[in-house]
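Trainee: First the structure, then my questions, so here it is.
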(Lines of atoms letter the chains of each structure in order from A and count residues from 1; the text may use other names and numbers.)
(Lines give C-alpha, C1' and ligand atoms only; values in the text may rest on other atoms or scores of the structure.)
Protein backbone atom coordinates (compact mmCIF):
# COMPACT_ATOMS: atom_id res chain seq x y z
CA UNK A 1 0.00 0.00 0.00
CA UNK A 2 2.77 2.44 1.01
CA UNK A 3 6.38 1.47 1.77
CA UNK A 4 6.88 4.53 3.99
CA UNK A 5 4.37 3.17 6.49
CA UNK A 6 6.59 0.16 7.20
CA UNK A 7 9.09 2.34 9.08
CA UNK A 8 6.98 5.37 9.91
CA UNK A 9 7.70 5.12 13.64
CA UNK A 10 5.84 4.28 16.86
CA UNK A 11 2.33 4.88 15.51
CA UNK A 12 -0.30 5.52 18.19
CA UNK A 13 -3.18 6.87 16.10
CA UNK A 14 -4.50 6.51 12.56
CA UNK A 15 -7.54 7.98 10.84
CA UNK A 16 -8.95 6.96 7.47
CA UNK A 17 -10.29 10.25 6.12
CA UNK A 18 -10.73 12.08 2.82
CA UNK A 19 -8.67 15.15 3.74
CA UNK A 20 -8.55 16.53 0.17
CA UNK A 21 -12.20 15.77 -0.71
CA UNK A 22 -11.50 13.85 -3.91
CA UNK A 23 -13.83 11.02 -2.84
CA UNK A 24 -10.91 8.70 -2.11
CA UNK A 25 -10.24 7.79 1.52
CA UNK A 26 -6.81 9.02 2.57
CA UNK A 27 -4.83 8.24 5.72
CA UNK A 28 -3.48 10.37 8.56
CA UNK A 29 -1.15 8.73 11.10
CA UNK A 30 0.90 9.99 14.01
CA UNK A 31 2.69 8.70 17.10
CA UNK A 32 5.54 9.05 19.55
CA UNK A 33 8.53 11.04 18.23
CA UNK A 34 6.60 11.35 14.97
CA UNK A 35 5.07 14.16 12.93
CA UNK A 36 1.45 14.15 11.84
CA UNK A 37 1.75 12.34 8.51
CA UNK A 38 -0.64 12.76 5.58
CA UNK A 39 -0.90 9.97 2.98
CA UNK A 40 -2.96 10.78 -0.11
CA UNK A 41 -4.86 7.96 -1.81
CA UNK A 42 -4.49 7.81 -5.58
CA UNK A 43 -6.50 4.81 -6.77
CA UNK A 44 -5.24 2.59 -3.97
CA UNK A 45 -1.65 3.85 -4.02
CA UNK A 46 -0.77 6.02 -1.02
CA UNK A 47 1.80 8.81 -1.20
CA UNK A 48 3.23 10.80 1.69
CA UNK A 49 2.25 14.42 0.98
CA UNK A 50 3.06 15.84 4.43
CA UNK A 51 5.61 18.28 3.00
CA UNK A 52 2.99 19.69 0.64
CA UNK A 53 0.50 20.46 3.44
CA UNK A 54 2.20 23.70 4.48
CA UNK A 55 2.57 22.56 8.09
CA UNK A 56 5.70 23.38 10.13
CA UNK A 57 7.63 20.52 11.80
CA UNK A 58 5.08 18.68 13.96
CA UNK A 59 7.18 15.93 15.56
CA UNK A 60 5.79 15.30 19.04
CA UNK A 61 4.56 12.66 21.47
CA UNK A 62 1.15 12.31 19.86
CA UNK A 63 -1.53 10.00 21.28
CA UNK A 64 -4.77 10.38 19.34
CA UNK A 65 -6.66 11.86 16.39
CA UNK A 66 -10.23 12.97 15.79
CA UNK A 67 -11.96 14.98 13.08
CA UNK A 68 -14.85 17.36 12.51
CA UNK A 69 -15.93 20.31 10.40
CA UNK A 70 -15.21 22.75 13.21
CA UNK A 71 -15.29 25.87 11.02
CA UNK A 72 -18.40 24.90 9.03
CA UNK A 73 -16.72 25.32 5.64
CA UNK A 74 -17.55 21.89 4.23
CA UNK A 75 -14.22 20.12 4.75
CA UNK A 76 -12.75 18.13 7.63
CA UNK A 77 -10.47 19.63 10.26
CA UNK A 78 -8.51 17.55 12.76
CA UNK A 79 -7.55 17.56 16.43
CA UNK A 80 -4.49 15.70 17.71
CA UNK A 81 -3.85 14.81 21.36
CA UNK A 82 -0.28 15.35 22.55
CA UNK A 83 1.84 15.46 25.73
CA UNK A 84 0.73 18.97 26.65
CA UNK A 85 2.73 21.74 28.30
CA UNK A 86 2.60 20.73 31.98
CA UNK A 87 5.91 18.89 31.85
CA UNK A 88 9.59 19.44 32.52
CA UNK A 89 10.15 18.91 28.80
CA UNK A 90 9.64 21.95 26.59
CA UNK A 91 9.94 21.67 22.82
CA UNK A 92 10.10 24.10 19.92
CA UNK A 93 11.48 24.21 16.40
CA UNK A 94 14.62 25.94 17.67
CA UNK A 95 15.01 23.89 20.87
CA UNK A 96 13.56 20.40 20.36
CA UNK A 97 13.57 17.53 22.80
CA UNK A 98 16.11 15.07 21.40
CA UNK A 99 16.76 11.34 21.53
CA UNK A 100 19.82 9.39 20.43
CA UNK A 101 20.00 5.60 20.48
CA UNK A 102 22.94 3.29 19.85
CA UNK A 103 24.98 0.62 21.61
CA UNK A 104 27.38 3.26 22.88
CA UNK A 105 29.23 1.02 25.38
CA UNK A 106 29.37 -2.09 23.15
CA UNK A 107 27.41 -4.12 25.71
CA UNK A 108 25.06 -5.62 23.17
CA UNK A 109 22.14 -3.44 24.27
CA UNK A 110 20.78 -0.28 22.66
CA UNK A 111 21.23 2.77 24.89
CA UNK A 112 18.57 5.46 24.32
CA UNK A 113 19.43 8.85 25.84
CA UNK A 114 17.05 11.80 25.80
CA UNK A 115 18.02 15.46 26.00
CA UNK A 116 16.18 18.74 26.52
CA UNK A 117 17.08 22.41 26.51
CA UNK A 118 17.60 24.54 29.61
CA UNK A 119 18.43 28.21 29.04
CA UNK A 120 19.50 27.57 25.48
CA UNK A 121 21.69 24.50 26.12
CA UNK A 122 20.83 20.85 25.51
CA UNK A 123 21.29 18.71 28.64
CA UNK A 124 20.84 14.95 29.14
CA UNK A 125 17.45 14.12 30.63
CA UNK A 126 18.30 10.96 32.65
CA UNK A 127 19.66 11.42 36.19
CA UNK A 128 23.29 10.39 36.60
CA UNK A 129 22.44 7.12 38.37
CA UNK A 130 20.04 6.05 35.62
CA UNK A 131 22.60 6.78 32.91
CA UNK A 132 25.54 5.11 34.66
CA UNK A 133 23.49 2.01 35.46
CA UNK A 134 22.86 1.66 31.73
CA UNK A 135 26.35 2.68 30.61
CA UNK A 136 28.90 1.83 33.30
CA UNK A 137 31.70 3.60 31.41
CA UNK A 138 30.04 6.93 32.18
CA UNK A 139 30.93 6.54 35.88
CA UNK A 140 34.59 7.23 35.14
CA UNK A 141 33.77 10.18 32.92
CA UNK A 142 31.47 11.77 35.49
CA UNK A 143 32.60 10.64 38.95
CA UNK A 144 30.77 13.49 40.69
CA UNK A 145 27.14 14.50 40.41
CA UNK A 146 28.20 18.11 39.90
CA UNK A 147 30.26 17.11 36.87
CA UNK A 148 27.28 15.38 35.33
CA UNK A 149 24.90 18.18 36.25
CA UNK A 150 27.02 20.69 34.31
CA UNK A 151 27.58 18.43 31.29
CA UNK A 152 25.72 19.43 28.14
CA UNK A 153 24.64 16.80 25.64
CA UNK A 154 27.62 17.38 23.37
CA UNK A 155 29.94 16.58 26.30
CA UNK A 156 28.35 13.16 26.62
CA UNK A 157 28.68 12.17 22.99
CA UNK A 158 31.15 13.41 20.43
CA UNK A 159 30.15 13.62 16.76
CA UNK A 160 32.15 10.43 16.23
CA UNK A 161 30.17 8.65 18.95
CA UNK A 162 26.91 9.76 17.36
CA UNK A 163 27.88 8.34 13.99
CA UNK A 164 25.30 5.73 12.94
CA UNK A 165 23.15 6.51 16.00
CA UNK A 166 19.38 6.80 15.61
CA UNK A 167 18.55 10.46 16.24
CA UNK A 168 15.03 11.79 16.80
CA UNK A 169 13.62 15.20 17.64
CA UNK A 170 10.28 16.43 18.97
CA UNK A 171 9.34 20.02 18.15
CA UNK A 172 5.76 20.28 19.39
CA UNK A 173 4.05 19.10 22.58
CA UNK A 174 0.80 21.07 22.42
CA UNK A 175 -2.44 19.21 21.78
CA UNK A 176 -3.46 20.94 18.57
CA UNK A 177 -6.18 21.91 16.13
CA UNK A 178 -5.26 21.28 12.48
CA UNK A 179 -7.44 23.45 10.26
CA UNK A 180 -8.12 22.40 6.68
CA UNK A 181 -7.34 25.29 4.33
CA UNK A 182 -8.61 23.28 1.30
CA UNK A 183 -6.58 21.98 -1.66
CA UNK A 184 -4.46 19.83 0.66
CA UNK A 185 -3.17 22.72 2.77
CA UNK A 186 -3.41 22.90 6.56
CA UNK A 187 -2.68 25.24 9.45
CA UNK A 188 -1.90 24.07 12.99
CA UNK A 189 -2.45 25.89 16.27
CA UNK A 190 -2.50 24.91 19.92
CA UNK A 191 -5.74 24.23 21.72
CA UNK A 192 -6.49 26.45 24.72
CA UNK A 193 -4.40 26.28 27.89
CA UNK A 194 -6.91 24.10 29.74
CA UNK A 195 -6.25 21.34 27.17
CA UNK A 196 -2.48 21.50 27.80
CA UNK A 197 -2.38 20.68 31.53
CA UNK A 198 -1.90 16.94 30.89
CA UNK A 199 -1.51 14.50 27.99
CA UNK A 200 -4.66 14.16 25.89
CA UNK A 201 -5.74 10.64 24.96
CA UNK A 202 -9.49 10.10 24.48
CA UNK A 203 -11.41 12.56 22.29
CA UNK A 204 -14.97 12.79 20.97
CA UNK A 205 -16.40 15.29 18.49
CA UNK A 206 -19.99 16.19 19.32
CA UNK A 207 -22.37 19.14 19.70
CA UNK A 208 -22.87 18.93 23.45
CA UNK A 209 -24.35 22.44 23.88
CA UNK A 210 -26.79 22.11 20.95
CA UNK A 211 -25.82 25.35 19.17
CA UNK A 212 -25.17 23.74 15.78
CA UNK A 213 -21.37 23.94 16.09
CA UNK A 214 -19.13 20.95 16.78
CA UNK A 215 -17.51 20.74 20.22
CA UNK A 216 -14.81 18.58 21.80
CA UNK A 217 -14.70 16.33 24.85
CA UNK A 218 -11.16 15.40 25.95
CA UNK A 219 -9.73 13.10 28.62
CA UNK A 220 -6.16 12.28 29.53
CA UNK A 221 -3.46 12.02 32.22
CA UNK A 222 -0.78 9.34 32.39
CA UNK A 223 0.54 7.28 35.28
CA UNK A 224 2.95 5.37 33.01
CA UNK A 225 5.82 7.76 33.63
CA UNK A 226 9.33 7.49 35.00
CA UNK A 227 9.74 7.99 38.75
CA UNK A 228 11.88 11.08 38.22
CA UNK A 229 9.12 12.69 36.15
CA UNK A 230 6.09 11.83 38.29
CA UNK A 231 2.47 11.39 37.26
CA UNK A 232 0.85 13.57 34.63
CA UNK A 233 -2.48 13.91 36.46
CA UNK A 234 -3.65 17.53 36.28
CA UNK A 235 -6.60 16.93 33.95
CA UNK A 236 -10.14 16.33 35.21
CA UNK A 237 -11.63 16.17 31.72
CA UNK A 238 -12.04 19.02 29.25
CA UNK A 239 -15.06 20.46 27.44
CA UNK A 240 -14.27 22.79 24.55
CA UNK A 241 -17.27 24.49 22.97
CA UNK A 242 -16.80 25.22 19.28
CA UNK A 243 -17.66 28.65 17.89
CA UNK A 244 -18.19 27.36 14.35
CA UNK A 245 -15.19 29.42 13.22
CA UNK A 246 -12.38 27.02 14.10
CA UNK A 247 -11.94 28.32 17.64
CA UNK A 248 -13.05 26.97 21.00
CA UNK A 249 -13.93 28.24 24.46
CA UNK A 250 -13.45 26.11 27.54
CA UNK A 251 -16.36 25.15 29.79
CA UNK A 252 -15.49 24.73 33.48
CA UNK A 253 -16.09 21.21 34.90
CA UNK A 254 -18.46 22.57 37.56
CA UNK A 255 -20.58 24.03 34.76
CA UNK A 256 -20.43 21.12 32.31
CA UNK A 257 -20.61 18.29 34.85
CA UNK A 258 -18.00 16.41 32.81
CA UNK A 259 -15.38 15.51 35.44
CA UNK A 260 -13.01 12.58 35.07
CA UNK A 261 -9.81 12.44 37.11
CA UNK A 262 -7.38 9.53 37.28
CA UNK A 263 -5.47 7.67 34.58
CA UNK A 264 -8.13 8.16 31.91
CA UNK A 265 -7.62 6.88 28.39
CA UNK A 266 -10.41 5.97 25.94
CA UNK A 267 -13.55 8.03 25.29
CA UNK A 268 -16.43 6.96 23.07
CA UNK A 269 -19.97 8.03 22.24
CA UNK A 270 -22.58 5.25 22.17
CA UNK A 271 -26.35 5.02 21.91
CA UNK A 272 -28.68 3.15 24.23
CA UNK A 273 -31.50 1.04 22.83
CA UNK A 274 -33.68 4.09 23.43
CA UNK A 275 -31.43 6.21 21.21
CA UNK A 276 -30.02 8.17 24.13
CA UNK A 277 -26.39 9.33 23.65
CA UNK A 278 -23.90 8.15 26.26
CA UNK A 279 -20.25 9.11 26.73
CA UNK A 280 -18.07 6.31 28.11
CA UNK A 281 -14.65 6.95 29.65
CA UNK A 282 -12.19 4.21 30.61
CA UNK A 283 -9.66 4.53 33.42
CA UNK A 284 -6.69 2.28 34.09
CA UNK A 285 -7.21 0.33 37.34
CA UNK A 286 -10.49 2.12 37.99
CA UNK A 287 -14.16 2.05 37.06
CA UNK A 288 -15.86 2.89 33.77
CA UNK A 289 -17.41 6.37 33.80
CA UNK A 290 -20.66 7.04 31.92
CA UNK A 291 -22.08 10.49 31.14
CA UNK A 292 -25.25 11.63 29.41
CA UNK A 293 -26.76 15.00 28.55
CA UNK A 294 -29.15 16.53 31.09
CA UNK A 295 -30.61 19.02 28.61
CA UNK A 296 -34.13 18.65 27.24
CA UNK A 297 -33.38 18.64 23.52
CA UNK A 298 -34.63 16.93 20.38
CA UNK A 299 -32.08 14.76 18.57
CA UNK A 300 -32.33 13.45 15.04
CA UNK A 301 -30.90 9.93 14.97
CA UNK A 302 -30.04 8.60 11.51
CA UNK A 303 -28.92 4.94 11.35
CA UNK A 304 -26.02 4.23 8.99
CA UNK A 305 -25.10 1.35 6.73
CA UNK A 306 -21.76 -0.43 7.27
CA UNK A 307 -20.44 1.00 3.99
CA UNK A 308 -21.45 4.64 4.60
CA UNK A 309 -18.41 6.92 4.41
CA UNK A 310 -19.57 10.50 5.00
CA UNK A 311 -22.54 12.85 4.92
CA UNK A 312 -23.23 16.43 3.92
CA UNK A 313 -25.56 17.95 6.49
CA UNK A 314 -27.87 20.81 5.50
CA UNK A 315 -29.54 22.60 8.41
CA UNK A 316 -32.78 24.55 8.61
CA UNK A 317 -30.83 27.79 9.24
CA UNK A 318 -28.93 27.44 5.96
CA UNK A 319 -25.68 26.16 7.48
CA UNK A 320 -24.04 23.02 6.21
CA UNK A 321 -21.07 20.89 7.14
CA UNK A 322 -19.47 17.55 6.41
CA UNK A 323 -19.24 14.56 8.73
CA UNK A 324 -17.32 11.31 8.23
CA UNK A 325 -18.10 7.96 9.83
CA UNK A 326 -15.11 6.09 11.24
CA UNK A 327 -14.17 2.62 12.27
CA UNK A 328 -12.01 3.80 15.17
CA UNK A 329 -10.87 7.28 16.19
CA UNK A 330 -9.61 9.12 19.25
CA UNK A 331 -7.50 6.80 21.42
CA UNK A 332 -8.19 3.06 21.10
CA UNK A 333 -11.88 3.87 20.73
CA UNK A 334 -14.87 3.13 18.52
CA UNK A 335 -17.94 5.33 18.82
CA UNK A 336 -21.33 4.28 17.45
CA UNK A 337 -21.54 4.69 13.68
CA UNK A 338 -24.74 6.69 13.94
CA UNK A 339 -25.47 10.21 12.76
CA UNK A 340 -26.70 12.31 15.69
CA UNK A 341 -27.72 15.90 15.02
CA UNK A 342 -30.39 18.58 15.37
CA UNK A 343 -32.31 20.96 13.13
CA UNK A 344 -31.47 19.05 9.96
CA UNK A 345 -33.32 19.82 6.74
CA UNK A 346 -31.60 17.44 4.34
CA UNK A 347 -28.81 14.87 4.60
CA UNK A 348 -26.81 13.47 1.68
CA UNK A 349 -25.03 10.25 2.66
CA UNK A 350 -22.28 8.82 0.43
CA UNK A 351 -20.87 5.32 0.80
CA UNK A 352 -17.36 4.05 0.06
CA UNK A 353 -18.33 3.20 -3.54
CA UNK A 354 -19.51 6.76 -4.23
CA UNK A 355 -23.21 5.90 -4.18
CA UNK A 356 -25.29 8.68 -2.60
CA UNK A 357 -28.72 8.73 -0.99
CA UNK A 358 -30.78 11.69 0.17
CA UNK A 359 -32.76 11.85 3.40
CA UNK A 360 -35.29 14.58 4.03
CA UNK A 361 -36.34 15.61 7.54
CA UNK A 362 -39.67 13.83 7.19
CA UNK A 363 -38.12 10.58 5.97
CA UNK A 364 -38.86 7.41 7.90
CA UNK A 365 -35.09 6.89 8.15
CA UNK A 366 -34.97 9.72 10.69
CA UNK A 367 -35.95 8.90 14.26
CA UNK A 368 -36.61 11.88 16.54
CA UNK A 369 -35.57 11.27 20.14
CA UNK A 370 -36.03 13.58 23.13
CA UNK A 371 -33.51 13.20 25.96
CA UNK A 372 -34.64 13.50 29.53
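In this note's numbering, the protein residues as written are 378 to 749. Positions of the beta carbon are idealized from the N, C-alpha and C atoms, including for glycine.
From which residue to which residue does the beta strand (DSSP E) around residue 676 run?
Mentor: Walking along the chain shown from the start, residue 676 turns up at place 299. Residue 676 -> beta strand (DSSP E) spans 675 to 680.
Trainee: Rounded to whole angstroms, what is the Cα-Cα separation between residue 616 and residue 580?
Mentor: Position 239 of the chain shown, counted from the start, is the residue given in the question as residue 616. Position 203 of the chain shown, counted from the start, is the residue given in the question as residue 580. So the alpha carbons of these two residues sit roughly 10 Å apart.
Trainee: Taking the alpha carbon of residue 589 as the reference point, which residue from 516, 501, 536, 697 has its own alpha carbon closest?
Mentor: In the chain shown, the residue the question calls residue 589 occupies position 212. Checked all of 516, 501, 536, 697; the closest Cα to residue 589 is 697.
Trainee: Kindly indicate which three-state DSSP category residue 595 falls into: helix, strand or coil?
Mentor: To locate residue 595, count along the chain shown from 1; it is residue 218. In the structure shown, residue 595 sits in a strand (DSSP, three-state: E or B).
Trainee: Helix, strand or coil: which one does DSSP assign to residue 733?
Mentor: Locating residue 733 in the chain shown gives position 356, counting from the first residue. Three-state result, residue 733: strand.
Trainee: Please report how far the alpha carbon of residue 445 lies from the alpha carbon of residue 522, in whole angstroms.
Mentor: Reading the chain shown from its first residue, position 68 is the one you call residue 445. Reading the chain shown from its first residue, position 145 is the one you call residue 522. In a straight line, the C-alpha of residue 445 is about 50 Å away from that of residue 522.
Trainee: Of all the alpha helix (DSSP H) runs that stay within the bounds of the stretch 464 to 499, which reach a length of 4 or more residues?
Mentor: Qualifying alpha helix (DSSP H) stretches: none in this window.
Trainee: Can we say the stretch 537 to 556 touches the stretch 659 to 677, given the rule of at least three CB pairs closer than 8 Å?
Mentor: Short answer: they don't touch.
Trainee: Rounded to whole angstroms, what's the CA-CA distance from residue 488 to residue 536? Just pull it up for me.
Mentor: Position 111 of the chain shown holds residue 488. Position 159 of the chain shown holds residue 536. Roughly 16 Å separates the two Cα atoms.
Trainee: For residue 644, does the three-state DSSP call read helix, strand or coil?
Mentor: Here the question's residue 644 lines up with position 267 in the chain shown. Strand, per DSSP.
Trainee: Report the residue ranges of all beta strand (DSSP E) runs contained in full by the stretch 383 to 453; include only those spanning at least 3 residues, in chain order.
Mentor: Here the runs fully enclosed are 387 to 394, 403 to 411, 414 to 419, 422 to 425, 441 to 445.
Trainee: Given this structure, state the Cα-to-Cα distance separating residue 655 from residue 418, to the nearest angstrom.
Mentor: Translated into positions along the chain shown, residue 655 becomes position 278. Translated into positions along the chain shown, residue 418 becomes position 41. The straight-line gap from Cα to Cα measures roughly 34 Å.
Trainee: For residue 475, which option in 505, 484, 507, 409 has the closest C-alpha, if you only look at C-alpha atoms?
Mentor: Translated into the one-based positions of the chain shown, residue 475 becomes position 98. Residue 475 has its Cα closest to that of 409, out of 505, 484, 507, 409.
Trainee: Just the C-alpha distance for residue 568 and residue 623, rounded to the nearest angstrom, thanks.
Mentor: Stepping through the chain shown from its first residue, residue 568 is reached at position 191. Stepping through the chain shown from its first residue, residue 623 is reached at position 246. So the two alpha carbons sit approximately 10 Å from each other.
Trainee: Throw me the rounded Cβ distance for the residue 390 and residue 440 pair, which I believe falls under 8 Å.
Mentor: Along the chain shown, one-based indexing puts residue 390 at 13. Along the chain shown, one-based indexing puts residue 440 at 63. Yes, residue 390 and residue 440 are in contact; Cβ-Cβ is about 7 Å, under 8 Å.
Trainee: Taking the beta strand (DSSP E) that residue 755 belongs to, which residues open and close that run?
Mentor: The structure shown does not extend to residue 755, since the chain is modelled only from 378 to 749, so the question has no answer here.
Trainee: Is residue 474 close to chain B? Criterion is C-beta to C-beta, closer than 8 Å.
Mentor: Absent from the structure: chain B. Only one protein chain is present.
Trainee: Can you name the residues that DSSP bridges to residue 569?
Mentor: Position 192 of the chain shown, counted from the first residue, corresponds to residue 569. The partner list for residue 569 (beta bridge, DSSP) is empty, contrary to what the question assumes.
Trainee: Please name the residue in 597, 646, 527 whose C-alpha comes closest to that of residue 460.
Mentor: Working through the chain shown from its first residue, we reach residue 460 at position 83. For the residues 597, 646, 527, the minimum Cα distance to residue 460 belongs to 597.
Trainee: Classify residue 667: buried if its beta carbon has 16 or more other beta carbons within 10 angstroms, exposed otherwise.
Mentor: Translated into the one-based positions of the chain shown, residue 667 becomes position 290. With fewer than 16 other Cβ atoms within 10 Å, it is exposed.
Trainee: Can the beta-carbon of residue 406 be found closer than 8 Å to that of residue 414?
Mentor: Position 29 of the chain shown, counting from 1, holds the residue named residue 406. Position 37 of the chain shown, counting from 1, holds the residue named residue 414. Yes, the pair counts as a contact, with Cβ atoms nearer than the cut-off.
Trainee: Which same chain residues, not among the five before or five after residue 742, have their C-beta less than 8 Å away from its C-beta?
Mentor: Position 365 of the chain shown holds residue 742. Confidence at residue 742 is low in this model, with a pLDDT of 44, below 50, so the placement of that residue is unreliable and no value is reported for it.
Trainee: Count the other C-beta atoms from every protein chain shown that fall within 10 angstroms of the C-beta of residue 637, then say buried if there are 16 or more, exposed otherwise.
Mentor: As a position in the chain shown, residue 637 is number 260, starting the count at 1. Burial call: buried.
Trainee: Where does residue 706 sit, in a helix, a strand or coil, going by DSSP?
Mentor: Walking along the chain shown from the start, residue 706 turns up at place 329. Three-state result, residue 706: strand.
Trainee: Per the DSSP calculation, residue 580 is bridged to which residue(s)?
Mentor: For the purposes of this step, residue 580 is taken as the residue at position 203 of the chain shown. Residue 580 is bridged to 595.
Trainee: Quick check: the stretch 477 to 491 against the stretch 718 to 735, are there 3 or more CB pairs under 8 Å?
Mentor: Touching, no.
Trainee: Would you be able to state if there are at least three C-beta pairs under 8 Å between the stretch 601 to 614 and the stretch 545 to 559?
Mentor: Verdict: no, contact absent.
Trainee: For residue 564 and residue 503, what's the separation of their Cα atoms in angstroms?
Mentor: Mapped onto the chain shown, residue 564 falls at position 187. Mapped onto the chain shown, residue 503 falls at position 126. Taking the straight line joining both Cα atoms gives about 34 Å.
Trainee: In the DSSP assignment, find the alpha helix (DSSP H) that holds residue 509 and state where it starts and stops.
Mentor: What you label residue 509 is simply residue 132 of the chain shown in a count that begins at 1. Its alpha helix (DSSP H) spans residues 505 to 511.
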